[in-house]
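Participant:
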Ligand SMILES: Cc1cc2nc3c(=O)[nH]c(=O)nc-3n(C[C@H](O)[C@H](O)[C@H](O)COP(=O)(O)O)c2cc1C
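Numbering (the numbering used here), first residue to last: 99 to 543.
1. When DSSP builds the beta bridges, which residues end up paired with residue 108?
2. Which parts of the stretch 275 to 352 are runs of the beta strand (DSSP E), unbroken and 3 residues or longer, counting only runs that do not cross its ends?
3. Closer than 8 Å: is that where the CB of residue 108 sits relative to any heavy atom of ligand 1?
4. First and last residue of the alpha helix (DSSP H) that includes residue 465?
5. Helix, strand or coil for residue 414, going by three-state DSSP, please let me know.
6. I need the DSSP call for residue 192, collapsed to helix, strand or coil.
7. Which complete beta strand (DSSP E) runs does the stretch 207 to 239 hold, if anything under 3 residues is left out?
8. Going straight from the alpha carbon of residue 409 to that of residue 283, what length do you get?
9. Cβ of residue 114 within 8 Å of any heavy atom in ligand 1?
10. So residue 331 packs on residue 313, CB below 8 Å; how close in whole Å?
11. Within 10 angstroms of the Cβ of residue 276, are there 16 or more other Cβ atoms? Answer buried if so, exposed if not.
12. Can you give the Cα-Cα distance for residue 183 and residue 324, rounded to whole angstroms?
13. With 16 other CB atoms within 10 Å as the buried threshold, where does residue 290 fall?
14. Consider the C-beta atom of residue 428 and the heavy atoms of ligand 1; say whether any pair is separated by less than 8 Å.
15. In or out: residue 274 buried (at least 16 other Cβ within 10 Å) or exposed?
16. Please list the terminal residues of the continuous alpha helix (DSSP H) segment that includes residue 506.
17. Within the present structure, is the beta-carbon of residue 149 separated from the nearest heavy atom of ligand 1 by less than 8 Å?
18. Excluding the 5 residues preceding and the 5 following residue 497 in the sequence, name in chain order all residues of the same chain whose CB lies nearer than 6 Å to its CB.
19. Below 6 Å CB to CB, which residues in the same chain sit around residue 195 once its five sequence neighbours on both sides are set aside?
20. Is the CB-CB distance between residue 486 and residue 369 below 9 Å?
21. Assign residue 357 to one of three DSSP states: helix, strand, or coil.
22. For the putative contact between residue 453 and residue 115, defined by C-beta atoms under 8 Å, what is the C-beta separation to the nearest angstrom?
23. Would you mind working out which of 504, 217, 167 and 361 sits nearest residue 322, comparing C-alpha positions?
24. Would you decide whether residue 260 is buried or exposed? Buried here means 16 or more other CB atoms lie within 10 Å of its CB.
25. Any heavy atom of ligand 1 closer than 8 Å to the beta-carbon of residue 562?
26. Compare the beta carbon distance of residue 190 and residue 218 with 9 Å and say whether it is the shorter of the two.
27. Since I believe residue 363 is in contact with residue 347 (beta carbons under 8 Å), could you give me their beta-carbon distance rounded to a whole number of angstroms?
28. Does DSSP put residue 165 in a helix, a strand or coil?
29. My output table needs one value for residue 132: the three-state DSSP class, helix, strand or coil.
30. Determine the burial state of residue 469: buried for a count of at least 16 other Cβ atoms within 10 Å of its Cβ, exposed for fewer.
31. Mapping DSSP to helix, strand and coil, what is residue 519?
32. Going by DSSP, what residues sit across from residue 365 in a beta bridge?
33. With DSSP as the reference, label residue 500 as helix, strand or coil.
34. So is residue 167 buried or exposed if we call it buried at 16+ other beta carbons inside 10 Å?
35. Sort out for me which residues DSSP pairs residue 484 with in a bridge.
36. Contact between the stretch 288 to 306 and the stretch 103 to 118: three or more CB pairs below 8 Å?
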């Protein structure tokens, strides 16, 4: 079977460039308007993209002085998009550190029912101390502990989605039997972090389970993804880095006893599209000129864990501790350090580079040049698809759908129309059977 690209539209405010809200081609008031996001989802659907995705953070800090913050809670917003779209997948971020499995399993099962099987969950462990302080803590749990809790969290959620077998709803009005309780199971989970009796109080979702997505690229992150993830979002700056990450994750997935084709790798790409390369570069320069340096420096300090505010902007990054000492986003930290060292960037140059995608790859060029880059990573073992991060919204997403997608179709790399109805079908992934149904079938066999 020919491989097909998987394309996800990463929706964020009025664009991924950190100064997008200051650009004349955007209207920052739209971030609190559901019609803005409905329009974005319809544009993505017009391009037959696999899915749209919403990130999430559980705190707002002083950065709000200079930059946009998301307004809507992702699952709530996606429920609104579910009723104004038909095919596009709906992926929401939710943290395993600051939620309970029963509540989250129920919300994703509900979104999957509401959307007719289009829900996906980007599993994050959250990494900011400011978030911890909104949940009864002074600081966030350690990196490795967050991933241990995340693994048990997902185990419980899977058992809860499986706790109703597919044919448990009897709806036998004559006999007065609503549900066949032989097919509705208590999960009786007892673990180091959670005790959950179950069953879930929502019948089994149309997809069986929402698509499981993950976005951590550290050693702990890769081990977690190899066990659970069906799609992985990652930030990779060079083709070589992308190939190493891709091969490593596929190997780890096979070592975890899974089919490597069952995990899709989607690096981020921030396409700055112009009719000519010069036009695209001019837009990139315009956006960079709108960056608020003190805000960008505060972002970089947050990423590195070091207060860089007193350092000369035209000097290099100072010596930084080894990544093993980092308890927040380990892979992003490493990426930023490697980028600065590899290209001998000053702090000013580095914040300019990070402004367009927070470490994800920014590509400025014509639609052909963007399509070439996408084709190269896809055919040379660095990607199964891309997390598309337009610098300006909605313009940048429309430009991608109207000018890059047709080229990818013409090259035989991307679908012309949706073949399936569910998010799993878009990603070419099977619908998992309920673990309880499988166990009952063994007993009655
Ligand atoms: C495309 C993408 C989207 C992400 N979205 C979120 C998010 O919405 N919320 C969040 O807390 N972390 C988010 N992250 C961060 C990851 O969950 C993770 O913390 C980070 O990649 C570092 O993981 P690591 O420490 O395992 O390397 C995202 C990462 C990527 C690559």
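Even glycine gets a Cβ: it sits at the ideal position worked out from N, Cα and C.
Facilitator: From the atom records:
1. Answer by DSSP bridge pairing, in chain order: 151.
2. You should have 275 to 277, 309 to 312 and 329 to 332.
3. Taking 8 Å as the cut-off, the C-beta of residue 108 counts as close to a heavy atom of ligand 1.
4. Residue range 465 to 477 is occupied by the alpha helix (DSSP H) that includes residue 465.
5. Strand at residue 414.
6. Strand.
7. The stretch 207 to 239 is shown to contain whole beta strand (DSSP E) runs of 3 or more residues at 217 to 222, in chain order.
8. One Cα belongs to residue 409, the other to residue 283, and the distance between them is close to 59 Å.
9. Answer for residue 114: no, Cβ out of range of ligand 1.
10. Contact between residue 331 and residue 313 holds: CB atoms are separated by about 4 Å, below the 8 Å threshold.
11. Exposed, because fewer than 16 other Cβ atoms sit within 10 Å of the Cβ of residue 276.
12. Taking the straight line joining both Cα atoms gives about 31 Å.
13. Exposed, because fewer than 16 other Cβ atoms sit within 10 Å of the Cβ of residue 290.
14. Flag set: Cβ of residue 428 near ligand 1.
15. Exposed: under 16 other Cβ atoms inside 10 Å.
16. First-last of the alpha helix (DSSP H) with residue 506: 503 to 508.
17. In this structure, residue 149 has its CB at a distance of at least 8 Å from all heavy atoms of ligand 1.
18. By the criterion of a C-beta distance shorter than 6 Å, residue 497 is surrounded in its chain by 371, once the five residues flanking it on both sides are discounted.
19. Shown here for residue 195: same chain residues with a beta carbon closer than 6 Å to its own, the five before and five after excluded, namely 223, 224 and 244 in chain order.
20. Yes, the pair counts as a contact, with Cβ atoms nearer than the cut-off.
21. Three-state DSSP puts residue 357 in coil, outside helix and strand.
22. Between residue 115 and residue 453 the Cβ distance is about 6 Å, and since that is below 8 Å, they are a contact.
23. The candidate whose alpha carbon is nearest that of residue 322 is 361.
24. By the 10 Å Cβ count, residue 260 comes out buried.
25. A question about residue 562 goes unanswered here, because the residues of the chain that appear run from 99 up to 543.
26. Yes, the pair counts as a contact, with Cβ atoms nearer than the cut-off.
27. Indeed, because the Cβ distance is near 6 Å, the residues count as touching under 8 Å.
28. Coil.
29. DSSP places residue 132 in helix when its eight states are reduced to three.
30. Looking at its Cβ environment, which holds 16 or more other Cβ atoms inside 10 Å, residue 469 is buried.
31. Coil.
32. Partner(s): 332.
33. DSSP places residue 500 in helix when its eight states are reduced to three.
34. With fewer than 16 other Cβ atoms within 10 Å, it is exposed.
35. Beta-bridge annotation (DSSP): residue 484 is paired with 105.
36. No contact exists between the stretch 288 to 306 and the stretch 103 to 118.
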